[in-house]
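Step one of this worksheet: look at the structure below.
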């Protein structure tokens, strides 16, 4: 059998000017449809994607490296910090945008050359398309200027006009859309300019007149270039918006940056190349018998017949466009810049008496406002459940149990036999992980309003059985208000459940006296079903109790508890700060560290108080802020009773919100202190040594304090992996919630939130 051979195909005929003459079929039916032109072979999308992706990766890496100090990663996305470096961010974003615009202009020029060749049935290799684009600086410049102008206009309307004057912004967008519709036919000048068939002026004139050129409906269903261009833009825009909306429905996870970057690149690139295909086909249909593909080193007909096209079509270009998305996922996970990374969510409010603790499936946030409101919500990553009311509005504390549950303790008002007497009881509740999961389930659908109220009433308080630890009697006047009878300012409670046997510290005094009692309940098991109590009498005149009135930590021996107790009153005989050490057998000591602060105190400061941790050496570390003084004082005790200590004053910036003192010590033995810094950013002061002689600020997110919230609230804790957890009474910069929402919950993705 003779060998089969492929007969040579004669070279295409050309006009006197050297342009190839179209076949009769081309003149009758036109070139392939725009989608087939753009995606039937890999060359057009590859010609656009490769230079754009290379520039995007290089420019993005340079920008991140240069701006690492003013950025953070929230929910897998890059978040700018409001820290006085607005001009730096603006310059960096501008340079990045300029690089991307130039890459887009070069890529779309190369893609147009490949499309022009395909419109005449020929194949232009990707490499030669790039070479052709490099030899057309005028076309690249034209595309860059037009793209930059459109980007500036759209960005100005969406970021400047819409937030300030929403109606004017919407009107501007409508006017811009109308201008695009009217001038859409001018885009047909682009293939003519790239092909070198006409100068820009003549190409624009020809494009404007193209609306009057009659084309067979079988060749172009849209008939009008204006309709064809606008329909393409609208269709691709709607598809892109739909995909973006679906992507936003995904929960936050490792895939967030991959999906975000992928959705920002792939649909936009496909839309650009498809639009270029529409323009090339529109020009080819309106040319009178002469192909417009330029003779720029295209493969000749004989070579094209002998050489099969690479399979896969647009999939090769899409694969290239996904490279930055995958790289973004890896970089966000690895975080080589040590940029703070966290999951963040907005909540309606975090009141000044707040706590945040880890549990098996996430975090729990307690938020209490004096004797008015008290509630708990469970959070995980970037989502929180609605707040559930506590059974009591009096001082409450929560702590993580070793099995992933939560141990809580609350003061309750108990009515007396008449209007002059009453009692306050301290009750504790252990909530197992299963109890918390069931408690966090959403309400069943289809309930009536009355049924919803009944269910919410039954859900009040932490799940589990209550146990009474103790109480105190109080005497009232018949005319006393409900607020006065609540006694909330004269009670306090704290828990340390980090060991096998939790300890609960409480303080209480009757309304008519400053003689108070500090009680320590040493639990016999993790659920505190039984306990041994040690009491210490003191004088205490606290005027407004909150979560930082009292704190407790269990010493490494498991039998000794250390308590720090703050007093907001300045009357003679009252002590601003006590460090109390007690054991289950009844022994106790009381020390009064030096609290003298320079300067005059300010009024109306309710965020003062104390926090206590056990350091890596097994000794107490106490953080204290005096009423009205911005300075934070850190005491590192030299023995368990804190008879002596070293003092480090941490002077936070002036003219910012004075937040509640918050302190944790991680496995490195170095403290972390929560503050709101001079740039109104929620930040952590990462101590460089155990004594905190120097600190490194770690800015996390910009804060937008409002009069509707309680910016003094700042709760800080660590999860089992040493990742900081924060609940702050401010709205974060970039929040999409309404202005009345004034709470932010963060879960850091790394120890010390990325600080070294």
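In full-length UniProt numbering, the protein residues as written are 1 to 756. For each residue, glycine too, the CB sits at the ideal point set by N, CA and C. Given the structure is predicted, the values throughout are model-derived calculations rather than measurements.
- Message: Let me confirm a value: residue 43 is counted as buried when at least 16 other C-beta atoms fall within 10 Å, else exposed. Which label applies?
- Response: buried
- Message: Quick check on residue 144: does DSSP put it in helix, strand or coil?
- Response: helix
- Task: Can you tell me which of 684, 410 and 175 puts its alpha carbon nearest to the alpha carbon of residue 751?
- Result: 684
- Reference residue 491; option with closest CA among 506, 477 and 498: 506
- Locate the alpha helix (DSSP H) running through residue 177, then write down its first and last residues. 166-183
- May I have the straight-line CA-CA distance separating residue 722 from residue 452, to the nearest angstrom? 39 Å
- Message: If contacts are defined as beta-carbon pairs under 8 Å, then residue 193 and residue 142 qualify, I think. What distance do you get, rounded to the angstrom?
- Response: 7 Å
- Within this structure, are the beta carbons of residue 642 and residue 579 separated by less than 7 Å? yes
- Given residue 793, which residues of its chain have a CB within under 8 Å of its CB, disregarding the five upstream and five downstream residues? No information on residue 793 is available, as it lies outside the stretch 1 to 756 that the chain covers here.
- Task: Can you tell me the Cβ-Cβ gap for residue 554 and residue 496, rounded? I've got them flagged as a contact below 8 Å.
- Result: 5 Å
- Kindly confirm or deny that the region 90-104 and the region 142-155 touch, where touching means at least three C-beta pairs closer than 8 Å. yes
- Local conformation of residue 38 per DSSP, three classes: helix
- Query: Under 7 Å, do residue 435 and residue 400 count as touching if we go by C-beta distance?
  - Reply: no
- Item | Own chain, CB closer than 6 Å to residue 275, minus 5 neighbours either side, in chain order | 232
- Message: Output needed for residue 230: all residues of its chain with C-beta closer than 7 Å, excluding positions within five of it in sequence on either side, in chain order.
- Response: 181 and 184
- Item | Per DSSP, cross-strand counterpart(s) of residue 764 | Given a span of 1 to 756 for the chain in the structure shown, any question on residue 764 remains unanswerable.
- Task: Kindly indicate the opening and closing residues of the alpha helix (DSSP H) around residue 264.
- Result: 256-286
- Query: Taking the runs of the beta strand (DSSP E) that are 3 residues or longer, which of them lie wholly in the region 365-395?
  - Reply: 373-380
- Item | alpha helix (DSSP H) runs contained entirely in the region 589-621, provided each spans 4 or more residues | none
- Query: Less than 7 Å separating the beta-carbons of residue 366 and residue 318?
  - Reply: no
- Query: Which value, in whole angstroms, describes the spacing of the CA atoms of residue 598 and residue 631?
  - Reply: 9 Å
- Task: Would you check if the distance between the CB atom of residue 548 and the CB atom of residue 661 is smaller than 7 Å?
- Result: yes
- Message: I'd like to know whether the C-beta atoms of residue 621 and residue 615 end up nearer to each other than 7 Å.
- Response: yes
- Message: Run through the DSSP bridge pairs and tell me what residue 74 is partnered with.
- Response: 77 and 342
- Task: Could you pull out every residue in the same chain whose Cβ sits closer than 8 Å to the Cβ of residue 384, ignoring the five residues on either side in sequence?
- Result: 345, 347, 365, 377, 378 and 745
- Message: Checking 7 Å against the spacing of the C-beta atoms, do residue 391 and residue 471 come in under that value?
- Response: no
- Message: I need the boundaries of the beta strand (DSSP E) containing residue 535, first residue and last residue.
- Response: 531-539
- Which residue comes first and which comes last in the beta strand (DSSP E) that contains residue 128? No beta strand (DSSP E) holds residue 128; the alpha helix (DSSP H) holding it covers 126-134.
- Span separating the alpha-carbon of residue 454 from that of residue 446: 14 Å
- Query: Going by Cα to Cα distance, which pick from 351, 360, 363 and 358 is closest to residue 371?
  - Reply: 351
- State the beta-bridge partners of residue 516 as determined by DSSP. 538
- Tell me where the beta strand (DSSP E) around residue 323 begins and ends. Run containing residue 323: none in the beta strand (DSSP E); it sits in the alpha helix (DSSP H), 315-334.
- Leaving aside the five residues before and after residue 734 along the sequence, list all residues of the same chain whose C-beta is less than 7 Å from its C-beta, in chain order. 79
- Query: Expressed to the nearest angstrom, what Euclidean distance is found between the alpha-carbon atoms of residue 322 and residue 560?
  - Reply: 58 Å
- When you compare each of 140, 402 and 131 to residue 106 by their alpha carbons, which one comes out closest? 140
- Spatial neighbours of residue 304 in its chain, beta-carbon cut-off 7 Å, leaving aside the 5 residues before and after: Because the pLDDT at residue 304 is just 40, under 50, the model does not fix this residue reliably, and the value given afterwards should be weighed accordingly. Answer for residue 304: 122 and 123, listed in chain order.
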